[in-house]
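Visitor: Just so you know, the working numbering puts 307 at position 207 of the sequence shown, and the rest follows in order with no gaps. C-beta atoms are modelled at their ideal positions from N, C-alpha and C, and glycine is treated no differently. Got a structure for you, written out below as structure tokens; questions coming shortly.
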Amino acid sequence: QSSTYLGHRSKQQLIDQFGLPLFTNGVNLYKVVYSTPDVNGDPSLASGLLCVPDVLTKKYPVLCYQHGTSSDREDVPSRLNGEADLPILFCGMGYLTVAPDYLGLGDSPGYHPYVHAETEASAGVDMIRAGREFAQQEGVAFNEQIFVTGYSQGGHAAMALHRKLETELSSEFQVAAASPMSGPYSIGEVMRELILQEEVYYFPAYIPNTIVGYQTAYGNLYNDLTDVFKPEYAALIQKYIDEEVDLFNLNLGLIFALQTQEGASIPVKMMHQAVVDSVMSDSLHPINLALKDNNVYDWAPQAPTRLVYCMNDDQVPFENALLAESVMQANGAAEVIAYDPYPSGDHGSCVEPAVFYTVLFFSTHQQVEDLPTATTEVVTHDLNIFPNPAQNTIRLDHTAADGTLTISAMNGQVLMAKSYNTGESIDVSVLPEGMYLIEVQSADEIAIGKLMIQK
């Protein structure tokens, strides 16, 4: 496991960015690379974004944010893409937040097994473990509470993760609340129906992304891409598999090809008619079995759960949430409610109201505790820093016990906070030129010095 510091957002920056007064702390950002199983259960690597509150006097719950569909392997939280704003937002409200990139994205090798429930869940579980481990090493306190959310593909991934935490790992994790948003929970029914109907749908790339992803996971859907897809579409899809085009451009290419060849963007027409007929008639067809294996709604959550959706969603039909609600309630779920915060919202305009609703719902269950404060007499003394001025790394002439190191701008804004072991060198290469305050705080003393960065 390794971590890379990505930067800091102050509480005021978050208030300015999101226009919300609900923030309680700033956020330190890290990319974490950790071990997690691949589709065959063999050890592999994955990356993700870890967001750590910069106020170290409190004990925080852990929140896992599962991201939506990525356009390519760089379009992920650890690269601070647009969607990274959501885990950052939650962290600023007092959650130690993790956001896995998933298998095959970010630093993880291979093809991403799209909407593959098992590895969406395992990537989330191992990222929570990695985040807790990091927090422990860095002196950030966390409690037992786990919150789970995510949007779109991330709604599916959040549900898969919630299920795994409760049904397989309940001795290790306690889910406090879950709020999957606009997710395709019914891959085997609602989404299958959507792709098999002969109707215009402007997101045809979801279909090959899913089928190639399940081929990666199960290995028995086809021998060659052209077994399923007509050659002109298979050629475009192969370019996406080879990472020559991103998903957005694959989608544009498929729409154009469908309109040219078939007269309209009717995605089922990308597939050979014989394959479509076989999938329609044979419930044991490998494609049907793969789709069904990735349903995530037929269980009974124990933690309070909201299935947030918008009635007018143009990409993920709202029936996913209503079906999940009815099945989960029939299974005896404690508190599962489907909720529509913005009925006229499509898949894009549903994000904001869904997230805001989730923030409010989670806040009614969130527990943030103050850490006990020490009553011992604290001694303050000067801290010598070498070299000074510095460019990349520094060492401290500090003989006191190990403690917490903070680097602040002269206006008091905390830029970095980490645990410090006596004698270790400190990487300051991310700091721009200027004057900074460095403080090392241990149980009974504080050492303070000024550092000049010159490039």
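Three-state secondary structure (DSSP) at S381?
Guide: Reduced to three states, the DSSP call for S381 is helix.
Visitor: By Cβ distance below 6 Å, which residues in the same chain neighbour Q513 in space, the five residues on each side in sequence not counted?
Guide: So the qualifying residues of the chain are S110.
Visitor: Locate the beta strand (DSSP E) running through L129, then write down its first and last residues.
Guide: Note, L129: beta strand (DSSP E), V127 to P137.
Visitor: Closest by CA to I287, which one among E218, D154 and N395?
Guide: That would be N395, whose Cα lies nearest to the Cα of I287.
Visitor: One question on the structure: do S519 and E238 come within less than 7 Å of each other, judged by their Cβ atoms?
Guide: A contact, by the Cβ cut-off of 7 Å.
Visitor: Who are Q556's beta bridge partners in DSSP?
Guide: In the structure displayed, the chain extends from 101 to 555; residue 556 sits before or after that span and is not available.
Visitor: Is it the case that the Cβ atoms of A517 and D154 are separated by a distance below 7 Å?
Guide: In contact: A517 and D154 (Cβ atoms closer than 7 Å).
Visitor: Terminal residues of the continuous beta strand (DSSP E) containing A421?
Guide: Looking at the DSSP string, A421 is not in any beta strand (DSSP E); the run it does join, the alpha helix (DSSP H), is E419 to A430.
Visitor: Cutting at 8 Å between CB atoms, please list the residues of its own chain near Y160, excluding the five before and the five after it.
Guide: Within the same chain, Y160 has close Cβ partners P153, G194, Y195, L196, V240, A241, F242, N243 and V468.
Visitor: Going by alpha carbons, who is nearest to D200 out of G192, G210 and E183?
Guide: According to the sequence as given, residue 200 is Pro; it is not Asp. Of the candidates G192, G210 and E183, the one whose C-alpha sits nearest the C-alpha of P200 is E183.
Visitor: Near A223, which residues of its chain fall below 7 Å by C-beta distance, leaving aside the five closest residues on each side in sequence?
Guide: Taken in chain order, the residues that qualify are T136, A146, P200, Y202 and L203.
Visitor: Under the DSSP definition of a beta bridge, which residues are partnered with C191?
Guide: For C191, which the question treats as bridged, DSSP gives no partner whatsoever.
Visitor: Compute the Euclidean distance between the alpha carbons of Q315 and Q554, then round it to the nearest angstrom.
Guide: Roughly 53 Å separates the two Cα atoms.
Visitor: When DSSP labels each residue in this structure, what does L471 get in the three-state scheme?
Guide: Coil, per DSSP.
Visitor: Name, in chain order, the residues that DSSP records as bridge partners for L151.
Guide: The amino acid occupying residue 151 in the given sequence is Cys; Leu does not appear at that position. Paired residue(s): L129 and T197.
Visitor: Quick one, which of L325, S383 and F303 has its alpha-carbon nearest F348's?
Guide: Ranking the options by Cα distance to F348, first place goes to F303.
Visitor: Can you tell me whether V540 is buried or exposed? The criterion is at least 16 other CB atoms within 10 Å of its CB, across all chains shown.
Guide: Classification of V540: buried, given that the 10 Å Cβ count is 16 or more.
Visitor: In the DSSP assignment, the beta strand (DSSP E) including D226 goes from what residue to what residue?
Guide: Looking at the DSSP string, D226 is not in any beta strand (DSSP E); the run it does join, the alpha helix (DSSP H), is A217 to E238.
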